[in-house]
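Numbered by my numbering, the letters in the sequence shown go through residues -7 to 225 in order.
Cβ atoms here follow ideal geometry from the backbone N, Cα and C, with glycine treated the same way.
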Amino acid sequence: MSGAGDIRVLVVEDDPVAADAHALYAGRVAGFTVVGVAHSRAAAVRLLERTAVDLILLDLYLPDGHGLQLLRSLRAAGHQADVIAVTSARDLAVVREGVSLGVVQYVLKPFAFGTLRDRLARYAEFRAAAGEASGQDEVDRALAALRAPRPADLPKGLSAPTLAAVTRTLRASAGGLTATGAGEAVGISRITARRYLEHLVDTGRAERSPQYGQVGRPELHYRWVSSAGAGTG
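As structure tokens, then:
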């Protein structure tokens, strides 16, 4: 089910089978809702005139014009939706032009669900960054969310999509979370959630403290570090 705060996605793809697959993939990622599918540049323009869209999954080869021509006209008309190019185009000059027009990610065809899920998770993390950055490190972290990590960037056994999900959950919790709470929210085990939370602590993006209950040993409590003056961030 979609939520009121979901990121609204428009799929623009001329191949009906591919368009249905992309819409299905995007709809399976928590926090995203597909609000329309267009098979041409003209259809996309008509849909955007009547539907609010946050993110466009854009094929670059359309039957009535190049995808970047569509994007250029949208920018001229004041549309500010972000764009993830979903394409077989490998021309780096096209990539550079796309970046200048607001393409935040490229997904090369053919791809599996996990690839798109990873890009959407990273985009959601980037979009969730709000407020005023405390310094260069926080700006760098926000921008780095859009970049696919090298394998060495994450400890063995940790995945970027799950890390993004745990990060979003922790950031959204004003009072912080335990590993149990984070695991329940994301749909992973407490032990797995704790590994991701500890990684956030190790990289300076979260802090932990013992939470004492009525009985038993204290449980560790994790809180997002929102500024340089808080915790270890």
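If we count the other Cβ atoms within 10 Å of its Cβ and call it buried at 16 or more, is residue i buried or exposed?
i, result
"L84", "exposed"
"Q97", "buried"
"F24", "buried"
"E117", "buried"
"R42", "exposed"
"V9", "exposed"
"D230", "Residue 230 falls outside the range modelled here, since the chain spans only -7 to 225, and no answer is possible."
"L60", "buried"
How many whole angstroms separate the CB atoms of residue i and residue j, which I take to be in contact at a CB cut-off of 8 Å?
i, j, result
"R197", "Y214", "Contact flag wrong, Cβ pair sits at about 10 Å."
"R114", "L138", "6 Å"
"R0", "V45", "5 Å"
Please return the same chain residues whose Cβ sits closer than 8 Å to the Cβ of residue i, not counting the five positions on each side in sequence.
i, result
"R67", "L93 and G94"
"S65", "V37"
"D6", "H31, S32, D51, Y53, L54 and P55"
"E211", "T170, A171, T172, P202, Q203 and G205"
Can you list, in chain order, the residues of its chain whose CB lies under 7 Å from that of residue i, leaving out five sequence neighbours each side?
i, result
"V29", "V3, A11 and A15"
"V75", "I48, L50, L63, G94, V95 and V96"
"G173", "none"
Between which residues of its own chain and residue i is the CB-CB distance below 6 Å, once the five residues before and five after are set aside?
i, result
"G225", "At G225 the pLDDT is 31, less than 50, meaning the model places this residue with poor confidence and gives no usable figure here."
Among the options, which has the Cα closest to the Cα of residue i?
i, options, result
"G57", "A157, E89, A34 and E211", "A34"
"A152", "V86, G106 and G70", "G106"
"A157", "Y188, G168 and D132", "Y188"
"F103", "V91, G168, G19 and A13", "A13"
Work out the CA separation of residue j and residue i for me, nearest whole Å.
i, j, result
"R82", "Y204", "55 Å"
"T27", "Y17", "Before going further, note that residue 27 is Val rather than Thr in the sequence given. Cα to Cα, the separation comes out at about 13 Å."
"G78", "K101", "Position check: residue 78 holds Val in this sequence, whereas Gly was assumed. Between V78 and K101, the C-alpha separation is close to 7 Å."
"V99", "S80", "8 Å"
"A22", "V86", "30 Å"
"E190", "H71", "40 Å"
"T159", "A69", "35 Å"
Would the beta-carbon of residue i be found less than 7 Å away from any heavy atom of the ligand HEM?
i, result
"A69", "Here there are no bound small molecules, and the ligand HEM is not part of this structure."
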